[in-house]
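Participant:
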Amino acid sequence: AVASLSSVQIGALTSAQLAALSSDQLQALTATQLRGLNSAQLASLSTDDLNALTSSQFQALGSAQIAALTSQQLHALESEDFAALSSSQLRGMETRDLAALDSADLAVLSATQLAGLSSAQMRALATEALTGLATDTVAALGTAQIAGLTTAQIAGLSTEQLNSLTS
Numbered sequence: 598a599v600a601s602l603s604s605v606q607i608g609a610l611t612s613a614q615l616a617a618l619s620s621d622q623l624q625a626l627t628a629t630q631l632r633g634l635n636s637a638q639l640a641s642l643s644t645d646d647l648n649a650l651t652s653s654q655f656q657a658l659g660s661a662q663i664a665a666l667t668s669q670q671l672h673a674l675e676s677e678d679f680a681a682l683s684s685s686q687l688r689g690m691e692t693r694d695l696a697a698l699d700s701a702d703l704a705v706l707s708a709t710q711l712a713g714l715s716s717a718q719m720r721a722l723a724t725e726a727l728t729g730l731a732t733d734t735v736a737a738l739g740t741a742q743i744a745g746l747t748t749a750q751i752a753g754l755s756t757e758q759l760n761s762l763t764s
């Protein structure tokens, strides 16, 4: 039973062995076991394998593990998986990966989650994707984050989003 493997044993699995696990086996992995996965193992998971993980399993992954996911893997994640990520997990994402997020992905993120993004990371977000941010989330953006937005990103915000910005 996969559930009886330690995090060290999970970390010793080859990419092929990990890929051979069924969706049910992947969902049975505990937070401790998931933290045993290394970057190469996570990068080797198919998008179907990643989508088999629950939101609570995504919460268990470390920032470095989230950063190890490819743009293709991140793009294939469901919005509820993004909603489960912490601000430090988002902060660990590469700008190229943040650029792949769409409006549905951003729509589920809270101000607390976005608080850790740098100005460079904010600049990397697609203009169209920013339309997904709730007005209260836009209102909570920090000065450095707002300053990091490009003129195209600012121009792409809705009237409601712009009005939510405080002085």
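The opening residue of the sequence shown carries number 598 in the numbering used here; numbering runs sequentially from there. Note that the Cβ used here is the ideal one computed from N, Cα and C, for glycine as well.
Measure the C-alpha to C-alpha separation of S683 and L759 and round it to an integer number of angstroms.
Facilitator: Straight-line Cα distance between these residues: approximately 25 Å.
Participant: Exposed or buried, what is A697 when buried is set at 16 or more other beta-carbons lying within 10 Å of its beta-carbon?
Facilitator: Flag for A697 reads buried.
Participant: Can you tell me which of the three DSSP states T667 falls into?
Facilitator: Note: T667 maps to coil in three-state DSSP.
Participant: Please report the distance separating the alpha-carbon of S668 from that of E691.
Facilitator: Between S668 and E691, the C-alpha separation is close to 9 Å.
Participant: With the cut-off set at 8 Å, would you say A673 and L695 are in Cβ contact?
Facilitator: Their beta carbons are not under 8 Å apart, which means A673 does not touch L695 by this criterion.
Participant: From D645 to L623, what distance separates their C-alpha atoms?
Facilitator: Whole-angstrom Cα-Cα distance: 11 Å.
Participant: Going by CA-CA distance only, name the one from A598, A649, S685 that's closest to Q670.
Facilitator: The candidate whose alpha carbon is nearest that of Q670 is A649.
Participant: For A665, does the count of other Cβ atoms within 10 angstroms reach 16, so buried, or fall short, so exposed?
Facilitator: Buried is the call here.
Participant: What first and last residue would you give for the alpha helix (DSSP H) that runs through G753?
Facilitator: Looking at the DSSP string, the run of the alpha helix (DSSP H) that includes G753 is 748 to 753.
Participant: Beta-carbon separation of D699 and A726 under 8 Å?
Facilitator: Yes, Cβ-Cβ distance for D699 and A726 is below 8 Å.
Participant: Confirm, please, whether the CB-CB distance from Q654 to L631 is below 8 Å.
Facilitator: Closer than 8 Å, so yes.
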